[in-house]
Ligand SMILES: [Fe+2]
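Residue numbers (the working numbering): 542 to 1128.
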């Protein structure tokens, strides 16, 4: 049977992410910010999704479902109602915002389809269901109470639920605008840190302060009940309507205006940090006790951005009635991508869940890109216009080197063709080189959208990449035309704008595929020059000894020999012996 894949996505609030499941197992998960290098990037996680698909060796058409981690329509409704002054209070029945798998006919459907070139089914989960799912399904527990606490999703700001086997249910929720996350963020803002990312600084500052404002917080800011639910006194907050978190009344209560970001920290900020931390710990403890009462279970799973408050988590473990605690490492909204994917798999598809006692399903949270030493080295070298001997895995059958016994270079370099021909292959400078390109990117570079795994198809360079020759260049005679750059990948562009293309798929050569992927990620070019690992007149290398010999006798700069990287400049002097030297006159 063909494996079924589910892609989960979280986006558009902060910290976008993607996560891929294969038959329910997490294949890959990553946050978009790591690729775009924009902290907390909220944009559609296109690069993260691409990475996940590549890690699974699949294309979007292989996906059974794409899931989105919350319901933007409901969130929008909440924002509207907030302006109309509707404000529910206390823990209430978990409020389903609509049919469980409502089909949001919003811009989002279109956005996802367009971005991923995907035309299958798209499902949406409740924000706190995604958090709860990310907390329970990967946990090492057969059954557990679930507590999710964050700033806000659609309406819920905290939820209590229960997970059993392959299902979970949310029982109660606390609703906007009564939110632990927003309370903490208000103090984050007031103490001069960045909301949504500076919260951990407040937590780190707390031990330097005294809890001198705790009473004031309880008296003025919130009405805390035994079950952990509370009402925030909106007189002091601005986040419902304004761009800042707190207002003048808040400043008055805590002895002056907010600290200016980057200015000197004073004792006041430390005391404020300590105070809000103490209050949050108390709220979380009470909520945990509520979750225990509601379920009678011994295990607790936590997620939601507030579950990153490890000081409070430690107190829950020590002081609550729960015996065991498991916390989703991507507790914030990034983890929603993982949550919705698992929710689709277990609940929507009703697939069983296997629990390994003592081991969770997160694989140590090591779910992002990895790079083998040779990939790293090859990147450093390829992008530096070095020429690499690439010796990896089983040797090819047939005349072509396909990424197991290959010499590789950067196709963007206008000097590469001549250099590889003359200094490495010891052959005529005009001879063209072939490109290896990621299968799913082939039509970005060539007028071709088909498999060509064995380098047996010639196709024109994509028209938009061709650089037409000037009249002057057209007058050049014969070989002089070699030096004319014909495209933005000149080293693989033949004189007639053609190329002999090899498409590379992850299932047939994962290492080579990952290398090109990495080269692409770092340079924006999903193509490498690939020529056979030999010199003119010699068969392609077979053994490591063949490869080393060829490496030492040519101007290949570096040799990747399986997991080993060899630098030409650090090799002992090569002494020729016998026949080969007579055959080839080297300079
Ligand atoms: Fe959240």
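Note that the Cβ used here is the ideal one computed from N, Cα and C, for glycine as well.
Predicted model only: the values in this text are computed from it and were never measured.
{"Query": "For residue 867, count neighbouring C-beta atoms within 10 Å of its own C-beta (all shown protein chains included) and say buried if the count is 16 or more, exposed if not.", "Result": "buried"}
{"Query": "Once you ignore the five residues that flank residue 785 on each side, which residues in its own chain have a CB closer than 6 Å to its CB?", "Result": "779"}
{"Query": "Where does residue 1108 sit, in a helix, a strand or coil, going by DSSP?", "Result": "strand"}
{"Query": "Assuming residue 1000 and residue 1039 form a contact by the criterion Cβ under 8 Å, report the distance between their Cβ atoms to the nearest whole angstrom.", "Result": "7 Å"}
{"Query": "Would you report the Cα separation of residue 830 and residue 869, rounded to the nearest angstrom?", "Result": "19 Å"}
{"Query": "Determine the closest residue to residue 729 out of 668, 800, 865, with distance taken between C-alpha atoms.", "Result": "800"}
{"Query": "Between 911, 1092, 766, which lies nearest to residue 966 when the distance is taken from Cα to Cα?", "Result": "1092"}
{"Query": "Using the rule of at least 16 other Cβ atoms within 10 Å of the residue's Cβ for burial, across every protein chain shown, is residue 986 buried or exposed?", "Result": "buried"}
{"Query": "Can the beta-carbon of residue 812 be found less than 7 Å from the beta-carbon of residue 750?", "Result": "yes"}
{"Query": "Looking at the structure shown, is residue 931 part of a helix, part of a strand, or coil, going by DSSP?", "Result": "strand"}
{"Query": "Checking the sheet assignment: what are the DSSP bridge partners for residue 946?", "Result": "932"}
{"Query": "Where do the ends of the beta strand (DSSP E) carrying residue 976 lie?", "Result": "975 to 979"}
{"Query": "Can you give me the Cβ contacts of residue 1033 inside the same chain, cut-off strictly under 6 Å, excluding the 5 residues immediately before and after it?", "Result": "952, 974, 976, 1040, 1070"}
{"Query": "For residue 609, write down the residues that DSSP places opposite it in a beta bridge.", "Result": "550, 665"}
{"Query": "Using the beta-carbon count (16 or more within 10 Å), is residue 542 buried or exposed?", "Result": "exposed"}
{"Query": "Decide if residue 1108 is buried, meaning its Cβ has at least 16 other Cβ atoms within 10 Å, or exposed.", "Result": "exposed"}
{"Query": "Taking the beta carbon of residue 544 as the centre, do at least 16 other beta carbons fall within 10 Å, making it buried, or is it exposed?", "Result": "exposed"}
{"Query": "Nearest-angstrom Cα distance between residue 995 and residue 1081?", "Result": "16 Å"}
{"Query": "Comparing C-alpha positions only, which one of 888, 772, 680 sits nearest to residue 759?", "Result": "772"}
{"Query": "Check whether the Cβ of residue 549 lies closer than 6 Å to any heavy atom of ligand 1, and answer yes or no.", "Result": "no"}
{"Query": "Entirely within the segment 1039 to 1066 and at least 4 residues each: give me those alpha helix (DSSP H) ranges in chain order.", "Result": "1051 to 1064"}
{"Query": "Throw me the rounded Cβ distance for the residue 699 and residue 743 pair, which I believe falls under 8 Å.", "Result": "Not a contact, Cβ separation roughly 19 Å."}
{"Query": "Could you check what DSSP says for residue 1116 in three-state terms: helix, strand or coil?", "Result": "coil"}
{"Query": "Which class does residue 768 belong to by DSSP, given the choice of helix, strand or coil?", "Result": "coil"}
{"Query": "Among the candidates 565, 602, 609, 603, whose CA atom is the shortest distance from the CA of residue 557?", "Result": "609"}
{"Query": "Taking any heavy atom of ligand 1 as the mark, which residues have a C-beta closer than 6 Å to it, listed down the chain?", "Result": "668, 672, 691, 694, 845, 846, 874"}
{"Query": "Taking just the CA atoms, how far does residue 757 sit from residue 982?", "Result": "60 Å"}
{"Query": "Are the Cβ atoms of residue 844 and residue 676 separated by less than 7 Å?", "Result": "yes"}
{"Query": "From 706, 1049, 1086, 560, pick the residue whose C-alpha is nearest to that of residue 910; which is it?", "Result": "560"}
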